[in-house]
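At position 527 of the sequence shown (counting the first as 1) the number is 531 in the working numbering, and the numbers step up by one without a gap.
All C-beta atoms, glycine included, are put in the ideal place defined by N, C-alpha and C.
Okay, structure first, notes after.
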Amino acid sequence: MKIPLSILVALLLGAAVCPLRAAVPAPDGKPHRFEYGEKQFLLDGQPMLIAAGEMHFGRVLPQDWEHRIKQAKAMGLNTLSFYLFWNLCEPREGEFTFTGLTDVRRMLQLCQENGLWVVLRPGPYCCAEVEYGGIPWWTVKYPDVKIRSTDPKWLEWSRRYVEQVYRQVGDLQVTKGGPLLMVQIENEFGMVSGGNFEHLHALKDIFVKAGFEVPLFTCDPFLMPAPTPTTHPAGVLRGRNGLRNDRDYQNTVAAIGNSPVFVPELYTAWFSGWGQPIATRNASLDQVVSWTTYLLDQNISFCYYMFHGGTTFGFYTGSNEYLPLQTSYDYSAPVDEAGRTTEKYRALRSLLSTRLGVQPPAPPPEPVVAPLPVIKLTASRPLLETVGRKPTSRTEKPATMESLDQDYGFVLYRKKFKDGLNGTLELRNVMDYAVVMANGRTVGKIYRGYGEDNGKLTLNETGPVTLDILVHNLGRISVITSSRSQDRARKGLIGGVWLDGSEVTGWENFTLPLAEMKGLKASKSPHTGPTFYRGTFDVKDPVSTYLDLRNWSFGAVWVNGHNLGRYWDRGALRALFLPSHFLKRGKNEIVVLELHDAPKAPEIASATQIITEKEVPWAVRLDRNPNPPPRPPRPVAPASEAPKPPQE
């Protein structure tokens, strides 16, 4: 392997600054003591540097877990870190599932079998650019309950969830012979705390009373000064996301004193919203190598965010304020979306194996990614023809998605006008994207990204008119939520519909979650509004691929009933990852919901890599909160008093 110059320089400089470390022992099934020592972690009393990588439940299929774990071991990592999303674990209130995508016990056991320690980050709030930051959608049905607060109802939900997680992993803590070293109890709470940390104190009590005896920690991209008994809870480590230079280090030590410095998120890139470039910020190999070298020089433990990002399948993407996030979570990670090692992986493997004094095993075989023959979608049917005659409910004002007891997807609102529809139709506070149809024909597309006046349409429709408004939930706010986020989390026609200044009442509401879609029946009706397209294709040996959606505008794709996620011609992402596990030998089915105009040719090609095109930015800024919470100042230690980085 040809080693990049940046790696050679890092190795030479590192060898001059620091001696080789003794390799961290792997979990062996025996009880151990892991603790926070003075400026370092200790495993059975011996210094331990955590070199971790992040993966996420739900973004990696269970069939691939062990392969990714083996890749982490082969890169020289000694630990894996996992966000576990509450909304996947409790999809309906009081109904928990820890199987398949959420089988956290199996994941930890696989890590132990492959010689890796584990850091678990179960929330309750995670962010991670997933729907509502991992908070269950059903909490929005209770607008008076303040999330991420000391509201008794919120704390009761949190306690119930944390206790369920403990039942899955409690006996896998390091103190009981398992691989679990640490547990995160919140995520970046300092960004919304306003200086009130009572919520963290309550969460600490919940985790301790549930039975967690391993060290607990939090993280933030900046840290307030040293805590007092009424601020940060005692004994809970304060992690510092994004630390990568002396200034970050000095500010962190000023805040945490003699506690170990830990970087729970050392970024390999940054998330991407629709209408933005994909994974370009913080993405260069030289940057990641330089930051890693700095942390190793200072004996600072860290976790790559991400080691493997994967895919946010289905309708689980979140939003940054009002900016919906792209489906791919490739994150320019060392292991790409399809599970293949990259140049970044190989460079970091060289660096870590030398600097950590380990001889990692050879990486497992690369997964096969190959194109499929062009798929023809020969059948179609307008979405309105798939809607049943009986509505889910009838209400005076349009019902919210949550009041209809619906999690994700679409809601269709219907109103009939006997004598035509004339005048200015106004949709107020649409959450999030609306396609307006008159007698099945699209007459408008409403979205705040198109501009401030986009919610108004001038209509002149004669005769009996059926007005249908299809509203798509593009993902509840995930970056970043506070106790004031519930209003932005509700989905549907929140502000109602108005005609020439008078509110329109008397609506039929139809729920369309569309979690799965298969067996579509063909129709002879033309594409005049949102339309499903269906095709079949034969597969001899299932392999992963990327579906090229450049021939389409905006919608979602299902293969054999599995929801691959959204595509959008706003870019930059123009392809969807199709894992081999969603395919089968023989005949396979694909369904596309196109919300905009009919494609010139209803067909889909495929490729072996992510496909991007120049992004189309929105007319207005969507990723900025018009009413941001107060942000504490970032502490800067005086130069004369700045603590010095520790030396080995």
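In this model, D423 and E617 are separated by some 46 Å (Cα to Cα).
In the DSSP assignment, Q116 falls within the alpha helix (DSSP H) that extends over 108 to 117.
The beta carbons of I614 and E370 sit about 16 Å from each other, so the pair does not count as a contact at 8 Å. Rounded to the nearest whole angstrom, the CA to CA distance from P229 to I260 is 8 Å. DSSP places K74 inside the alpha helix (DSSP H), whose first and last residues are 69 to 79. Distance from H36 to L47 at the Cβ level is roughly 6 Å; contact confirmed, criterion being Cβ atoms closer than 8 Å.
By the neighbour-count definition (other C-beta atoms within 10 Å, threshold 16), H585 is an exposed residue. Under the 10 Å beta carbon count, S506 is surrounded by fewer than 16 other beta carbons and is classified as exposed. For V596, there is no enclosing alpha helix (DSSP H); the residue is part of the beta strand (DSSP E) that begins and ends at 590 to 598. The continuous alpha helix (DSSP H) containing S354 extends over residues 347 to 359. Taking 8 Å as the cut-off, the Cβ atoms of K544 and T404 do not count as close. DSSP places C93 inside the alpha helix (DSSP H), whose first and last residues are 90 to 93. When C-alpha distances from I379 are compared across A609, I54, C130, the shortest belongs to A609. Inter-residue distance for Y253 and L270 is about 13 Å (C-alpha atoms, whole angstroms). With contacts defined by Cβ atoms closer than 8 Å, A27 and L356 do not form a contacting pair. The C-beta of V620 has fewer than 16 other C-beta atoms within 10 Å across all chains shown, which makes the residue exposed. The beta carbon of D68 is closer than 7 Å to those of G343 in its chain, skipping five residues each way along the sequence.
Here A442 is buried. Its C-beta has 16 or more other C-beta atoms within 10 Å. Under the three-pair Cβ rule at 8 Å, the region 62 to 79 does not count as touching the region 211 to 228.
Shown here, F211 sits in a helix according to DSSP, grouped into three states. The closest CA to that of T83, considering only N91, M111, D107, T446, is found on M111. Under the criterion of beta carbons closer than 8 Å, E389 and S529 qualify as touching, at roughly 6 Å.
W161: member of the alpha helix (DSSP H) spanning 156 to 173, first to last residue.
If you ignore the 5 residues before and after N262, its C-beta comes within less than 8 Å of the C-beta of E42, K43, all in its own chain and listed in chain order. The DSSP-derived three-state label of D472 is strand. Here Y309 is bridged, per DSSP, to Y271. For G392, the number of other beta carbons within 10 angstroms of its own is below 16, and it is reported as exposed. For N426, the uninterrupted beta strand (DSSP E) run begins and ends at 425 to 431, by DSSP.
Secondary structure of G559 (DSSP, three-state): strand.
Per DSSP, N82 is not a residue of any beta strand (DSSP E), being assigned neither H nor E.
When the beta-carbon positions are compared, W274 and W572 stay at least 8 Å from each other.
Here F319 is not bridged, per DSSP, to any residue. Per DSSP, the continuous beta strand (DSSP E) segment holding W511 begins and ends at 511 to 516. Classified as exposed, A374 has fewer than 16 neighbouring CB atoms from the shown chains inside 10 Å of its CB.
Residue environment for S162: buried (at least 16 other C-beta atoms within 10 angstroms of its C-beta). Between T612 and the set D627, W562, P583, the nearest pair of CA atoms involves P583.
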